[in-house]
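Structure first, commentary second.
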């Protein structure tokens, strides 16, 4: 990836996401926000993103916008499509009629959030002239230059889910390395990297493939597969461990692509096709698959394809919901471990939060727990010996929140 050139185009401030119903523009304010839509012009590439400054409901203490933490969220999978922005922790939800509705539990209520379309060649971002991302280093370099463009020194956290178990430690490690170099480069801004957070991450493929089958007889998965199918999945998981090691020893697209396809079909595909459940949340059914996922890209595509929305966002490109080419470019990276990057960051005092829900069969808590416990870092002995405590939470936005009883949500180890 070539470095940023001199051209940076900042587009108008965004104060809402608009939508249309039929031929009439229906304006609905998702959130009172100040944001930036911007394109960083790289050599043959452009990264598009949205920024939402924090705006909390009355139940949450208001941050000063100039001092609020800056958070980048990276949705997993090398074909990122702003799924989290509209389906998970973003400021609004797209409704079936293409109107929008405020999301009460948005992360935007606690921080200034940046949502990039990345890697380049997905969403409204683009690449040309052979300048394509193919691993987390390229992603990290793009994000580093993005931050150089407007960073004002506030605390910065890099976060994400699923394949962001690669993106986040890889990109954070790149930023961390550049900060070290910046001690002798006065012209570069030091990024105040305070921490990383990864939800149900895909970080150490060898360990995690080995434990995909562990979900079969636990809690939500008791009746999902019969003995024959469960045995087949266990055999496939062991084969994928062998395949991953082969790819790591010979890291080329030619040697890894076919192997990766086998693992995708024989584990995730087998699970979804036989059980009819979403492999990333076994509590939910999966009646249809969109770009390999059981949750909707179509509604997002319809919303962002509207002329009124694209005009408001000042973009003249089609939004690319997914790219098989981008996925193929990352096939070697997918098989590589990123645990050492997590160790380097932890050893230097960067805070690390790894949280894992128990309904994801692919990036499940068994595999995550084991690679975390095996991680070689200076706090390993103390962390592994620490007592697991009950994780209790309260809904602070619920009526009479102060009177509600905290609920057990899982186990916590620090």
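In full-length UniProt numbering, the protein residues as written are 1 to 414. All C-beta atoms in this analysis are idealised placements derived from N, C-alpha and C, irrespective of residue type, glycine included.
CB-CB length for residue i against residue j, believed under 8 Å
i           : j           : result
residue 143 : residue 253 : About 24 Å; that fails the 8 Å criterion.
residue 364 : residue 212 : 7 Å
residue 94  : residue 299 : 5 Å
residue 354 : residue 372 : 6 Å
residue 148 : residue 188 : 7 Å
residue 236 : residue 267 : 6 Å
residue 256 : residue 247 : 4 Å
residue 351 : residue 195 : 3 Å
Span separating the alpha-carbon of residue i from that of residue j
i           : j           : result
residue 284 : residue 226 : 18 Å
residue 68  : residue 168 : 21 Å
residue 61  : residue 70  : Only weak support is given to the placement of residue 61: the predicted model assigns it a pLDDT of 42, under 50, and the value that follows is read from those uncertain coordinates. If I take the Cα positions, the gap works out to 17 Å.
residue 207 : residue 179 : 31 Å
residue 270 : residue 343 : 34 Å
residue 416 : residue 139 : Here the chain comprises residues numbered 1 to 414, so residue 416 is not present and cannot be evaluated.
residue 356 : residue 145 : 30 Å
residue 241 : residue 336 : 12 Å
residue 341 : residue 91  : 31 Å
residue 412 : residue 166 : 23 Å
residue 233 : residue 308 : 47 Å
residue 282 : residue 190 : 42 Å
residue 80  : residue 161 : Confidence is the limiting factor: at residue 80 the pLDDT is only 49, short of 50, which leaves the residue's position unreliable and the question unanswerable from this model.
residue 251 : residue 374 : 24 Å
residue 116 : residue 260 : 26 Å
residue 312 : residue 304 : 11 Å
residue 377 : residue 86  : 36 Å
residue 386 : residue 176 : 28 Å
residue 193 : residue 272 : 38 Å
residue 366 : residue 410 : 14 Å
residue 153 : residue 181 : 17 Å
residue 384 : residue 231 : 31 Å
residue 286 : residue 100 : 24 Å
residue 358 : residue 332 : 27 Å
residue 215 : residue 302 : 35 Å
residue 197 : residue 362 : 18 Å
residue 249 : residue 243 : 10 Å
residue 202 : residue 360 : 11 Å
residue 156 : residue 274 : 43 Å
residue 379 : residue 172 : 19 Å
residue 245 : residue 370 : 18 Å
residue 414 : residue 391 : 11 Å
residue 310 : residue 98  : 14 Å
residue 239 : residue 334 : 16 Å
residue 40  : residue 347 : Note that residue 40 has pLDDT 43, beneath the 50 cutoff, so the model's placement of it is unreliable and no number is given.
Buried or exposed (CB count within 10 angstroms, at least 16 for buried), residue i
i           : result
residue 258 : exposed
residue 24  : The predicted model places residue 24 with a pLDDT of 27, which falls under 50 and marks its position as unreliable; any figure quoted below should be read in that light. Label assigned to residue 24: exposed.
residue 277 : buried
residue 228 : exposed
residue 103 : buried
residue 111 : buried
residue 407 : exposed
residue 279 : buried
residue 204 : buried
residue 388 : exposed
residue 381 : exposed
residue 57  : The pLDDT assigned to residue 57 is 44, lower than 50, so where the model puts this residue is not dependable; a value taken from the coordinates is nonetheless given after this. Residue 57 is exposed by the Cβ-count criterion.
residue 51  : buried
residue 4   : Per-residue confidence for residue 4 stands at a pLDDT of 27, beneath the threshold of 50, marking its modelled position as unreliable; the derived number appears in the next sentence. Buried.
residue 108 : buried
residue 163 : buried
residue 159 : buried
residue 105 : exposed
residue 75  : buried
residue 199 : buried
residue 349 : exposed
residue 265 : exposed
residue 316 : exposed
residue 89  : buried
residue 84  : buried
Identified DSSP bridge partners for residue i
i           : result
residue 195 : 157, 351
residue 71  : 113, 157
residue 102 : 92
residue 216 : DSSP output for residue 216 lists no bridge partner at all.
residue 410 : 391
residue 285 : 277
Residue i beta carbon near the ligand MG (any heavy atom closer than 8 Å)
i           : result
residue 413 : By its list of ligands, the structure shown contains no ligand whatsoever, and the ligand MG lies outside what it can speak to.
- Mind listing, in chain order, the continuous alpha helix (DSSP H) runs of no fewer than 4 residues lying wholly within the region 248-282? 253-263, 270-275
- Message: To test your reading of the DSSP string, which unbroken alpha helix (DSSP H) runs of 4 or more residues are found completely within the region 146-177?
- Response: none
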